[in-house]
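Read the structure below first, then the notes.
In the UniProt record's numbering, the protein residues as written are 1 to 258.
And the structure:
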């Protein structure tokens with residue numbers, strides 16, 4: 001059986017066509033449902049999201065363009081399986097069309113994988129897949145700046161379900177930990193946090209999740225704050241409250257907000 005279910009979430013059913021195609025493509029599929037509590041005033045608003053993780057299918061002694069083509073083929077299989085699983089938003093992994101080279105300390109040949117975010121070959125392929133399977137696709141790539149060609153960004157490109165380019169997000173936080181020195185490769189993002197309308201370590205894998213969008217009004221974090229509440233206002237008012245009330249019973253809470 002090539003399809004697994006995460007037992008700590010609610011179960012979602014996948015079609016036999018999805019299971020058969022995943023076996024044919026040798027893609028392990030894991031499914032889970034993330035559902036909210038029932039509400040009286042509105043029905044559930046379920047959407048299926050696919051998270052795809054893939055290995056490099058060719059030896060890195062091959063030319064970069066051949067490795068890219070092999071990655072395109074593998075991702076295409078992932079999109080096809082996701083479509084049969086009812087996925088509407090498909091998310092590829094970071095810099096999915098290349099090897100993860102950010103701990104090697106070398107710029108070449110990895111910079112050869114960088115390309116234009118809107119008009120590059122990877123985005124052109126993703127546009128076709130998004131339109132063909134009526135699916136929003138998030139495609140993270142190494143972006144080569146269209147003006148300053150030596151500037152490289154770690155960029156997530158967003159393509160809508162009609163195959164149109166919606167925009168991009170350039171990663172802001174660039175880790176620099178021990179041997180992983182990602183600032184060597186690309187710059188910190190300058191796009192802010194735009195809003196767009198619209199798995200296993202040894203196997204190629206696809207996680208299909210069914211999420212109720214009503215959760216955004218129901219979920220609370222460990223401090224009891226709901227996601228839809230005015231956190232910017234809380235960040236201003238809570239420290240003031242602690243100071244006025246001489247709050248000492250939970251000093252770790254005070255440290256968080258001050």
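Glycine included, each C-beta is placed from N, C-alpha and C at the ideal position.
Note that the coordinates shown come from a computational prediction; the quantities given were computed from them, not determined experimentally.
Presumed contact (8 Å Cβ cut-off) between residue 138 and residue 81, rounded CB distance
Mapped onto the chain shown, residue 138 falls at position 138. Mapped onto the chain shown, residue 81 falls at position 81. With a Cβ gap of about 17 Å, residue 138 and residue 81 do not count as contacting.
Take the Cβ of residue 10 as the centre, count every other Cβ of all protein chains shown within 10 Å, and call the residue buried at 16 or more, exposed below.
Looking up residue 10 in the chain shown gives position 10. Per the 10 Å Cβ criterion, exposed.
Any idea if residue 41 is buried or exposed, counting beta-carbon neighbours within 10 angstroms, 16 or more meaning buried?
By one-based count along the chain shown, residue 41 stands at place 41. With fewer than 16 Cβ atoms within 10 Å of its Cβ, residue 41 is classed as exposed.
Which stretch, first to last residue, makes up the beta strand (DSSP E) that contains residue 143?
Here residue 143 refers to the residue found at position 143 of the chain shown. That run of the beta strand (DSSP E) goes 136-144.
State yes or no: is the C-beta of residue 76 within less than 9 Å of the C-beta of residue 125?
As a first step, residue 76 is located in the chain shown; it is residue number 76 there, counting from the start. As a first step, residue 125 is located in the chain shown; it is residue number 125 there, counting from the start. Inclusion of residue 76 and residue 125 in the CB contact set at 9 Å is warranted, their separation being smaller than that value.
Does the distance from the C-beta atom of residue 50 to that of residue 33 stay below 9 Å?
By one-based count along the chain shown, residue 50 stands at place 50. By one-based count along the chain shown, residue 33 stands at place 33. Not a contact, by the Cβ cut-off of 9 Å.
What number of angstroms, rounded off, separates the C-alpha of residue 56 from the C-alpha of residue 43?
The residue labelled residue 56 in the question sits at position 56 within the chain shown. The residue labelled residue 43 in the question sits at position 43 within the chain shown. Straight-line Cα distance between these residues: approximately 42 Å.
Coil, strand or helix - residue 76 by DSSP:
Locating residue 76 in the chain shown gives position 76, counting from the first residue. In this structure, residue 76 counts as helix in the three-state DSSP scheme.
Tell me residue 168's beta-bridge partners as DSSP assigns them.
If you number the chain shown from 1, residue 168 lands on position 168. Under DSSP, the beta-bridge partners assigned to residue 168 are 157.
Starting from the C-beta of residue 84, find all residues in its chain whose C-beta is less than 7 Å away, skip the five residues before and the five after it, and write them out in chain order.
Taking the first residue of the chain shown as position 1, residue 84 is located at position 84. Correct list, in chain order: 15, 17, 18, 21.
With a Cβ-Cβ cutoff of 9 Å, do residue 143 and residue 117 count as a contact?
Counting from one through the chain shown, the residue named residue 143 turns up at place 143. Counting from one through the chain shown, the residue named residue 117 turns up at place 117. Going by C-beta atoms, residue 143 is nearer than 9 Å to residue 117.
Excluding sequence positions up to five away, which residues of its chain have a Cβ less than 8 Å from the Cβ of residue 60?
What you label residue 60 is simply residue 60 of the chain shown in a count that begins at 1. Within the same chain, residue 60 has close Cβ partners 67, 99.
Residue(s) in a DSSP beta bridge with residue 90
Here residue 90 is taken as the residue at index 90 of the chain shown, counted from 1. Beta-bridge pairing links residue 90 to 50, 137.
If distances are taken between C-alpha atoms only, which option among 39, 48, 23 comes closest to residue 31?
For the purposes of this step, residue 31 is taken as the residue at position 31 of the chain shown. Taking only the C-alpha atoms, the option nearest residue 31 is 48.
Other residues of its chain near residue 94: CB distance less than 8 Å, five sequence neighbours each side excluded:
Here residue 94 refers to the residue found at position 94 of the chain shown. Closer than 8 Å at Cβ, skipping near neighbours: 100, 140, 154.
Going by DSSP, what residue range makes up the alpha helix (DSSP H) through residue 125?
Taking the first residue of the chain shown as 1, we reach residue 125 at position 125. Start and end: 121-132.
Nearest-angstrom Cα distance between residue 160 and residue 171?
Here residue 160 corresponds to residue number 160 of the chain shown, with the count starting at 1. Here residue 171 corresponds to residue number 171 of the chain shown, with the count starting at 1. Taking the straight line joining both Cα atoms gives about 20 Å.
Inter-residue spacing [alpha-carbon to alpha-carbon] between residue 190 and residue 157:
Position 190 of the chain shown holds residue 190. Position 157 of the chain shown holds residue 157. So the alpha carbons of these two residues sit roughly 14 Å apart.
How long is the line joining the alpha carbons of residue 63 and residue 136, rounded to whole angstroms?
For this step, residue 63 is matched to residue 63 along the chain shown. For this step, residue 136 is matched to residue 136 along the chain shown. Roughly 30 Å between the two C-alpha positions.
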